[in-house]
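Q: Residue numbers (the numbering used here), protein chains in the order written: chain A, 1 to 384; chain B, 1 to 453; chain C, 1 to 177; chain D, 1 to 988.
Built from N, CA and C at the ideal position, the CB exists for glycine as well.
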Amino acid sequence: MRNFFSVRKLKFILPFIFLSGLFTSGYSNLVQVEDSVLNLKKKLTPEDLIIGERLFFGLVYHDNKSIKCITCHNITLSDTLNWNPDAIEISRKYLNKSTGDLSKVLLRPAGKKMVEVHKDFKLSPEEIVMIKGYMDRLAIQGLIRNKPVITNLIFFIIASALMLFSIIDLIITKVLKHKWINYIILLSSVCFITYTLVGSAIAIGRSQNYSPDQPIKFSHAVHAGQNQTDCIYCHSFAPYSKSAGIPGENVCMNCHLLVRNGTRSGAFEIYKIISAYENKKPIEWVKVHNLPDHVFFSHAQHVGAGGLKCQECHGNVKEMNVIIQVKDLSMGWCLDCHRTRKVNFTGNKFYSDYKELAEKIKNGTLDSVTVEMIGGRECMKCHY
Amino acid sequence: MYNKKIRGPLVEGNKTLGQITKEVMKPLEISPGVWWPIAFGISSAAAIYGFYAIYITVTQGIGTWGVNNSVGWGWEIINFVWWIGIGHAGTAFSIFLLILRQKWRTSINRSAEAMTVFAVISAALLPALHMGRVWLVFYIFPYPNTRGPLWVNFNSPLFWDFTAITAYLLISASFWYLGMLPDLATIRDKTTSKVKKAVYGFFSLGWTGSSRHWIRYESLSFILGGIAAVLVVSVHSIVSTDFAVSVEAGWHSTLFPPFFVVGAIFSGFAMVMTLMVLIRKLYHLTDYITDNHMDAIARILVFISLIMGTAYLTELFVAWYSGNEYEIFTFFRNRATGEYTLQFWGMIICNALIPQLFWFKKVRRNWIWLLIVSLFINIGMWLERFNIVVTSLNKDYLPSNWVSYSPTHIDIGVFLGTIGMFACGVLLFMRYIPMMAISELKSVVHIGNKKED
Amino acid sequence: MDRIFKIGVFDEEEKFLSSIKSLQEQNFLIYDVFTPYPIHEVFHLLKRKSRLPTAAYFFGLFGIISTLAFLYYTSVLNWPVVYGGKPFNSFPSFIVVTIILTILTVTIASLALFSYRSKLFPGRENTIFDPRATDDKFVIVVETGAMDITSIEKAGKLMNELGAVEIIEKEFGKVNA
Amino acid sequence: MKKSRTNPGGANFVPEVKNNLGSPAENENQLLGLLEHDIMKQGTSRRDFLKVFGYSFASAALLASCKRPVQKALPYIIQPPEITPGKSLYYASSFYDGHEYSSILVKTRDGRPIKIEGNLLSEFNREGTTARVQASVLSLYDDARLKNPSAENKQTTWDNIDAQIINKLKEINSKNGEIVLLTSSILSPSTIRLINEFGADFHKFKWVQYDAISYSAILEANSICFGKEAIPDYHFRNADLVVSVYADFIGTWISPAHFIQDYVSRRKLDKGEKTMLRHIHYESGMSLTGANADIRKKIKPSEEKNLLIDLYNRIAEKTGAITFPSANFREDLTGLADKLIEAKGKSIVISGTNNLDIQIIVNGINSLLGNYTNCIDLNNNIKVASGIDSKMEDLISELKEGSVKALIMYNVNPVYDYHDSENFRKGIKNTEISINMTVSLNETVGLVKYECPVNHYLESWDDAEIISGQLSLSQPCINPIFNTRSFQDSLLKWSGSSTNYHDYLTSNWEKQYFPGSGISDFRNFWNTSLGNGVFNYKVPGFKSLTHKPERLSQAMKTLEKSETGGYEIVISESVALGTGMHANNPWLMELPDPVSRQCWENVAAISISDATIWGVQNGDIVKFSNGLKLPVFVQSGQMEGTISVALGYGHTNSGPVCFRIGENLYPFVKSSAGNRNYVITIEKPINTFEKRQLALTQVHSSMEGRPIVRETSLNKYIIDPSSGNEFHKEFESTHKTLYPEVKYDGFHWGLAIDLNACIGCNSCVIACQAENNIPVVGKAEVIKRRIMHWIKIDRYYSDTPDDPKVYFQPLACQHCDNAPCENVCPVSATNHSSEGLNQMTYNRCVGTKYCINNCPYKVRRFNWYRYTNSKNFDFNTASDLGKMVLNPDVTVRERGVVEKCSFCVQRIQEKKLQAKLENRTLNDNEIKTACMQACPAGAIVFGNLNDKKSMVSKLFSDPRCYHLLEELHTLPNTGYLTKVRNDDKIDS
């Protein structure tokens, strides 16, 4: 079941990552939107879509300048939790609905908060059609990925080029009179290249600070922090099973049968869980803490037998709106803990089989037993 | 010291210094004739076949080879040990003779060292290929890492082997290159082509032949020679520990280190002889690589052959004398009379009997005989490695695990590929690098010639 | 300021050597000599010595100590692992690695030192006083910076007498050596 | 005890298998990871399991864009209370495929059965299972299973097919047409009742039970001799002497898992026993039972009658019964007769020949010896086979005539395994309606009008009564993967009933068994029975059966008349494949025959002298006069003039794994005197001079005088328990070590293997394969000696090659404390744990194979190719379906890494954790390795060597204990106990 392919594969394709990063760019196909409700039986031109996009982003002047759609409805992945529905979610929702429906909600909203925000909207039907066109494109194409982050790559290439030039200059061309300039360039670019390479090599297969968007804007800060829900209430298998478990929708519904409106999030997000539960559809959470498949990690061992606090590995979840992987989950990190962590040697009868250690504890030659002493750093404790 | 009266001059034909430069550089200046492109074509074809075999191995798996659950090492390790053995001769040749101040080494050591470098490269390729997951080869470096940090197993002979071969490759290449410096400078200064001047100038590192250069050069040569001598002995000893540290009958033997070192020098000298016989004929360098040189190598070979024969007998005797049934089985029933009897007796004949022909002066001075015998020794040494690697594993302790071993075309392809790479390397070397150490020849040209009288 | 050198080119070792001796006797400042192969008498005459062997000894010492320390640290202190029932500090197993790594250290360090001290590295262009020095000629270069013209002439004459095939006077803006 | 489960939920889950599984497996990473994928772990319901595959492809696409794959986690919609993601659940169930029965526990993980284990509560087979039972879990995930009902080879729906069938049956019934139900032997009392009810609806209804391997002679002989048509239960545990003629009761005969328990319990000496059952075996080929016999004698099939008649007469002479003078057997049987009389009432004489007359004589002998009360139990008979050959013959002739209008088949494959398949095939065409109900593709499929695929046994409700009074239940452990329906549900449907079989079953139990159970609440009774898997009740009113010797003289006469000559081919079941119905199971295909150590095809085993006469060697293909072409295998101990060939191969339409592998021998079986006769008389075959390499997993059979399997005889053992094991003491006393020995605090795991108990059945091999995700490598790789089994059973011969003694030795990683392999791994991928385990870390391994070379036991395996997701190794790990059997607790190994037995470290870790969580010490026998658990003989014991009271410690201190190659001072943690043979001479 486990495999070690992924890491290896990634290594093979590493060069392609660099290359593909260079050549990926966002070009888009145009979507033809036909609108029946407003009887604008014309095909939207590319220009219309661009105007729609600009309207959405608030780049086109209209009467209420201060409010843009993008202000509340995020279009890019954001790092912080924005309680309002994403642009893409709304777009998907309205993909199969008419522009009329959209304009109804847009101009005559029902929710209290929405009324407050949307009250000054003055958009012409044409403008709404254009916005709808843009939103439809968004729904169909999904997020057009922003330009990939290639700053590191650019620096890398620049450093390599500098290094090459300084070597060539030192040996052949000798343009620079002051050799020490060349030496400094050489040294610093070599340092930078090594640093980048080592850093990215270590990072292969790791994802510290991984914080993906979830299908529901579920906030641990609200549930575990504000509402003081115990971790084990939802992740109930943690003390006695390998996996901590993601709560079934019925667990969510224990509260959300009653709680249907969030103070900040409104009904939109909570409705997702309710509708999933009613339609018997599982929610596709994105797993944040992923270990390679050849690693066996048991929550029961750590939480149940070891008595670890969840926060020790998962960070201060109570303050996280969006769950983020705090630790790098590297083998070194695991082992650092195994080296120093003490086991409940005298408290758990299981350990009485370790006669020699027990003897030492009795003699006082040892005051505590660490995980390492009972074989916690051996391969087959985690890999088999 | 060298006694020219007994052994004749080191360089024949009363050459002047300028003549030496000219004649040794000649192969670099003029095109060598039809044989060179033909030979290079054949070698590169073999190398390409080898690369194909390597490609198949890496993409599909070691399963494409003939190895199996009991015989975990096959042709590739045989070839590895064989190449490493050959790779020993060059350095051994130049270093031992350097330390012993045997001046007659000068005509041969450059080629021998080149051979070493190419053979060791061929050899080093094989254990890497033999890894099931060659892309994780960096696991073998004990570098600080984020896995704990997890180090390597310093008890493993394979780790010793890995360090030894890496060190050996680095050191023999440095030694070879160091020796080449004055000659590269000579070419730089002599050549008329601008490109060559630039290229050789770049690689000659700015050598001028000043006394400051020469004094450091000399002492560095001796330092490298001195420690490389230790290395020559230790590297093949370490290769032998791959086997000797094991528990397998036929491997687990304290005889192995010296036996392997001697065997390595044996095969290496045989390969030197094969190459020298061909080079001196092809390039008409008989004045430099004289019959006396060949004679000397042949004498060494016959001596080592006797040691080899003794070692084989010792192995058999120890197996019998130990009373260990597994040893007795391996040597007497599996090797001497079993499935691989051909390989065993082939080894004895090629390594212990045929070289005895070198007792005859006529054989020692006839280049065809030299070529034939040296080729036989090369084959014999390959068979010896076959005997060691395969026949210990295929029938070891538990008879239920006994199997036969036969190679696949991929195994053969990898072997041919290494031969092709080696040959390509040697051919390029002959074309672009002076085959003999010009500066050293100059320093010994007067020895044995009339001037010194 | 350009430096001017008087260069004597010899084609025989004996004449070359005797010329050096004479020049030294007459207190001429020999800048350096260039030969196609190493001549030990030259080293004696010019009092050339190399301290590379001493350095190599210390490199070796460093290699042994650091290797053993590394092995001990990794396999005993940092992460002890049982291999086939052996103790963590199975010293005999460490010997081989220590030897090899010591040799490697010595080689690399000596090479680096050689390269640094002799100023020999890829692409380096040292001043070539006479290109024939790497072929079949022995070259003596006399530094003329502190000499008057007669002395320069004298040096040339001396070398000529002692069998130089050619006497050249060259100016170099910058001498790389 | 294990948890039980009530109802698996409705059958409304119809997975779109085509869509979900048929997608190109773009990325092996994703697929491989799937099962360990947290999609599974976080829990999908069993019903949603397959749907999840669809989701995973989304992330596969993401991976292709070079990002770290986004792993999704899908929670349950409603968390089922009994399921904990990441923990295994065990369901008690029963295995019965029509030939073999076992009460089992099914280990399920996140909704999919992944392992079969024996049910300790069952009296019948206890924890023991055979290899075929172990492998049956893989058949659940066989792509060759029938996935949808079809009418006239066109896929259709159940409603559609039901309507058509009901109409047709009505129509036929209205015309008074005969309706025949042809099934394999049925063990289930509820099903029998259901069939009878179903049949009662029709005017002319006939139910024929048909077994691929016929036991009808025994059934008929007992009917004639005792008036009860039954196969008796043989109590080997009560016997002192067993004389078996051709009865391979350890390997294949009737119910091996059951017999092995009994047999071995009288042969083990680990509790200080001083007596042993003695086993004398007569046979032609080398069967597993013959290999285990104390004394094995070679006979030709044609000599059997002489042997038995002679033996009868000798015994009759001594006991004063009537003798039937006849030709004597070629050897003097007085000694044997004396021994039998000595063990009167405590002996068993059995014959595996399907010949009525022979079985009557055997019955005669047993009744002379008075074995019927103590050792042979006809009252509590084994019901595993109940087909009578003559009934099948009648059916064929009826079919031929066309008098059968409707033929309903369940779990039979007569086109493949009936000798007269040609007539059967034609007969089907004569029927108006033919229905086939089978789990997976076979030769009969496609010939009938309606295919009504049935559930795999792991998907169905059922019960079984293996021995009168010993009931067991089957329960579904996964919802039907395909669009299938159980046989019983179909019958119910067709008989117009609206209940499903589960309700039928419970109501039947409520009526039949609940009243006598003494439990007040039926729900309680039902749940207890289901949880236990078994329920025993007292069968009232046994009458003692008396032997009626009337037919004896006739039997003698008939037998004497039959004369044979030439070569005789003995056809028998193979230990791996059995009857061949599981031939598409790659695990079984690659399971070597325990004696010949050959797999992936069937061969003609011939004797060494015949090989010389014919001038053939292993792999030479010979052709027999009846057209049969087979490669030759020279078998030590084969009777001269006989050829042994295994059944079960040569399938033409049973799936890709077994497609045209070997030859089908069923067509050569001849019916004689009403019973199928598994012997063919034939001329000397012709050498075709073609050659084929045989997939042998062991090529050398002699121990070469090395102390590998140590043995002694019972007499010597009684005098000196350490006899045969003198080396051990010597080595122990002379060992010196340079370094101090490593001390193990806490746990020091050890495994003891009692070679006296090990009967070489290979059950452990398949159990290990299932537990540890060991790949199947295929014939070509086996030929290259690259089989991957972590545990293998070495077989050695000693004495003369013509008539050897046989030794079995299970060999897995010995977990040496001074392991030679550990020293040489450069990257530290294998090293020693503080619990004495030789650890192998796959993710660190770079594949130098040095450890393989340096292992003197050669138990390490290398992944020569990528065996997972490779079209070259399209067995079970190439498809998503097949991969569902993988154990999520064990890493699937990549190409280029070494693997080996881990002492089932995942089980050790699991139980240690459990003990920790429960705040208690670990009990002895709590941790069971897969091999130990599967062993029907209880030959393997695992435990903590530091605990002096543990079973394994006791065995390690037994004077019989030794370590393999202990002279190398590798200090293995695996111990072997010497083999003791009870082979003192019988002749005098």
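1) So with Cβ pairs under 8 Å, would you call residue 330(A) a contact of chain B?
2) Which class does residue 982(D) belong to by DSSP, given the choice of helix, strand or coil?
3) Using a Cβ-Cβ distance cut-off of 8 Å, determine whether residue 380(A) contacts chain D.
4) Are the beta-carbon atoms belonging to residue 735(D) and residue 969(D) less than 8 Å from one another?
5) Tell me which residues share the same chain as residue 729(D) and place their Cβ nearer than 6 Å to its Cβ, disregarding the 5 neighbours each side in the sequence.
6) DSSP state of residue 474(D), grouped into three classes?
7) For residue 30(D) and residue 243(A), what's the separation of their Cα atoms in angstroms?
8) With distances taken from CA atoms, which of 252(B), 236(B) and 277(B) is nearest residue 258(B)?
9) Using a Cβ-Cβ cutoff of less than 6 Å, which residues in the same chain neighbour residue 127(B) once the five nearest sequence positions on both sides are dropped?
10) How is residue 67(B) classed by DSSP in three states: helix, strand or coil?
11) State yes or no: is the beta carbon of residue 251(A) nearer than 8 Å to at least one beta carbon in chain F?
12) Which two residues bound the contiguous beta strand (DSSP E) that contains residue 347(D)?
13) Report the rounded CA-to-CA distance for residue 184(A) versus residue 186(B), giving the unit in angstroms.
14) In chain order, what residues of the same chain have a beta carbon less than 7 Å from the beta carbon of residue 246(B), not counting five sequence neighbours either side?
15) Drop a sphere of 10 angstroms on the beta-carbon of residue 158(A), count the other beta-carbons inside from all chains shown, and report buried for 16 or more, exposed for fewer.
16) Nearest by alpha-carbon distance to residue 248(D): which of 281(D), 237(D), 241(D) and 220(D) is it?
17) Closer than 8 Å by C-beta to residue 176(D): which residues in its own chain qualify, once you throw out the five before and the five after it? Chain order, please.
18) At which residues does the beta strand (DSSP E) containing residue 750(D) begin and terminate?
19) Please state the DSSP three-state secondary structure of residue 809(D).
20) Does DSSP put residue 263(B) in a helix, in a strand, or in coil?
21) Looking only at its chain, what residues have a beta carbon closer than 7 Å to the beta carbon of residue 68(C), apart from the 5 residues adjacent to it on each side?
22) Verify the CB distance criterion: does residue 17(D) have a CB-CB separation below 8 Å to chain A?
23) Compile a chain-ordered list of the residues in the stretch 131-153 of chain B whose CB is closer than 8 Å to at least one CB of chain A.
24) Excluding the 5 residues flanking residue 896(D) on each side, which residues of the same chain have their C-beta closer than 7 Å to its C-beta?
25) Please confirm whether residue 288(D) and residue 793(D) have their CB atoms less than 8 Å apart.
26) According to the neighbour-count rule (16 or more other Cβ atoms, all chains shown, within 10 Å of its Cβ), is residue 92(C) buried or exposed?
27) Apply the 10 Å Cβ neighbour rule to residue 381(D) and answer buried if 16 or more other Cβ atoms are within range, or exposed otherwise.
28) Who are residue 279(D)'s beta bridge partners in DSSP?
A: Result, derived from the coordinates:
1) yes
2) coil
3) yes
4) yes
5) none
6) strand
7) Low confidence applies here, because residue 30(D) scores a pLDDT of 34, under 50, leaving its location unreliable and the question unanswered by this model.
8) 236(B)
9) 80
10) coil
11) You won't find chain F in this structure, because its protein chains are A, B, C and D.
12) 347-351
13) 34 Å
14) 252
15) exposed
16) 281(D)
17) 203 and 204
18) 749-754
19) strand
20) helix
21) 94 and 98
22) Only weak support is given to the placement of residue 17(D): the predicted model assigns it a pLDDT of 28, under 50, and the question is left unresolved by the model.
23) 133, 135, 136, 145, 146, 147, 148, 149 and 150
24) 847 and 863
25) no
26) exposed
27) buried
28) 242(D)
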